[in-house]
Amino acid sequence: MAEVKLCNLDKSYDDGKTYVLKNINLDIEDGEFVAFVGPSGCGKSTLLRMICGLEDITSGELFIDTSKVNDMPPNERQVGMVFQSYALYPHMSVRENMAFGLKLANHDKKTIDERVNDAARILQLEPLLDRKPKAMSGGQRQRVAIGRSIVQEPKVFLFDEPLSNLDVSLRVQMRQELARIHDNLKTTAVYVTHDQIEAMTLANKIVVLSPLAEGAESNLEQVGAPLELFHHPRNKFVAGFIGSPKMNFFKGEIIETGSETSRVMLDSGEVIRTCNDTSRAKAGDKISLGIRPQDAISEASGDNTVTGTIQAVERLGTESFIYLEQAAIEDSCVLRVEDSRRRENGSNFTMGIPAESCHLFDSHGQSFVRTKAPHFD
Ligand SMILES: Nc1ncnc2c1ncn2[C@@H]1O[C@H](COP(=O)(O)OP(=O)(O)OP(=O)(O)O)[C@@H](O)[C@H]1O
Ligand SMILES: [Mg+2]
């Protein structure tokens, strides 16, 4: 087991002409499960491959435990990598697939048998040890791929979207198995995923990366516990990225600043009171107001409401998603309501926006602190 420390890591191609990662600083503690999330192409796999040693580090320092490993070859770093494609040897049994790396490293037969049997027990693969990969399901094969890594007893597990080839129900099952395996082994893990639910449920800590913008100092947007990112996103990028369906944004400006509550006017004229500290701003400043699809109140009236026109309704039985059009909406607006009543496209829908559910961002996308956000551990 080990801690991993990234200090000012940069990655560029073409002699520094194309930067992909800039100023990545991160402390991964011993035994932690850390997820890297971000849009396609933001550098998640590249960063993981830099930790693994499959990708050069342009500048900065990488430590595993107390050793600086920038120039250490992958096989000496004692990391175990599990990829999306599990690439098992088709002519070998599960046992042989798991033992192969240990044989290559000249471990004795007793050690190999012990480690393979232990891994098979943890992964519940004991009944399948003599099977060939083609006679197994995708989930079972992926467990063998994880087993191949476990037997190496790595200090750190590195996963790159290990479940993305599996169908939905297998993913759910494997997600729970990964949580169980991590509980069991407590090996430090870094996990790249597109799947928010995987990140939210497996990780103690989520790292949000963005595609590196021209002139940006870094593309590391925020590091924090899953619910911290959900309730207290540091900026609009994280707010829009974490949570599904994504947060709705409205354009507007501040009309009254305050350290506890503030008032904003949307571009469509509605005045909304919010629980945000805007003492660093002034009246007239442009803002974006964010509200999550499940936080708006269905068919409200009175203060703090916004009326839009229904564009489409998706009725799912216990809940519905309502897509609205309204002049101040930035991208699109979706609301989740807990009924499946029939609603006509083109009709008006008034939603209530509770002051304590509002997220507020300045014109640079930086959050104003929420003064009444839900508490979490
Ligand atoms: N040899 C290269 N030269 C220039 N750019 C490269 C090179 N290799 C990769 N890149 C760029 O690096 C960026 C990061 O790639 P990476 O595979 O790390 O993204 P990712 O976040 O894992 O994306 P995905 O979610 O699609 O897997 C991409 O924009 C890619 O085009
Ligand atoms: Mg990738």
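So in the numbering used here, the last one in the sequence shown is 379, and the numbering has no gaps at all. C-beta atoms are modelled at their ideal positions from N, C-alpha and C, and glycine is treated no differently. Please read all numbers here as calculations on a predicted model, not as lab measurements.
Per DSSP, the continuous beta strand (DSSP E) segment holding F251 begins and ends at N250 to E258. When the five nearest sequence neighbours on each side are left out, the beta carbons in the same chain lying within less than 8 angstroms of the beta carbon of A181 are those of T203 and L204, in order along the chain. Look at which beta carbons fall closer than 7 angstroms to any heavy atom of ligand 2; those residues are K46, S47, D162, E163 and V194. The Cβ-Cβ distance between D279 and F363 does not fall below 9 angstroms.
At the C-beta level, L229 and F378 come within 9 angstroms of one another. In this structure, G292 has its beta carbon at no less than 8 angstroms from each heavy atom of ligand 1.
Considering only V308, R143 and T190, the residue with the shortest C-alpha distance to D32 is T190. By the neighbour-count definition (other C-beta atoms within 10 Å, threshold 16), A122 is a buried residue.
Per DSSP, E301 is not a residue of any beta strand (DSSP E), being assigned neither H nor E. Within the DSSP secondary-structure output, V339 pairs in a beta bridge with S322. Ranked by how close their Cα comes to the Cα of D29, the residues G310, L231, A298 and N206 have N206 in first place.
Boundaries around D185 are those of the alpha helix (DSSP H), V170 to L187, since no beta strand (DSSP E) includes it. The count of Cβ pairs closer than 8 angstroms, one atom from the segment 134–152 and one from the segment 88–97, reaches three, so the stretches are in contact. The nearest non-hydrogen atom of ligand 1 is 8 angstroms or more from the C-beta of D17.
Taking the CA atoms as reference points, D197 sits about 13 angstroms from F161. Restricting attention to A302, Q154, G82 and P135, the CA atom closest to the CA of N108 is found in Q154. Secondary-structure assignment with DSSP links D12 through a beta bridge to S61. CA-CA distance, T276 to G286, rounds to 16 angstroms. Taking 9 angstroms as the cut-off, the Cβ atoms of E78 and N72 do not count as close. Beyond the five residues adjoining it in sequence on each side, G319 comes within less than 7 angstroms, by CB distance, of S342 in the same chain, given in chain order. When only Cα atoms are considered, D132 and M100 end up about 11 angstroms apart. Here DSSP, grouped into helix, strand and coil, assigns F85 to coil.
Taking a contact to require three or more Cβ pairs closer than 8 angstroms, the segment 295–304 and the segment 215–224 do not qualify as touching. For C44, the shortest C-beta to heavy atom distance toward ligand 1 is below 8 angstroms. The three-state secondary structure of M202, taken from DSSP, is helix.
Between I208 and L187, the gap from beta carbon to beta carbon reaches 9 angstroms or more. For L229, the enclosing alpha helix (DSSP H) has its first and last residue at P228 to H233. Here P156 is buried, its C-beta having at least 16 other C-beta atoms within 10 Å.
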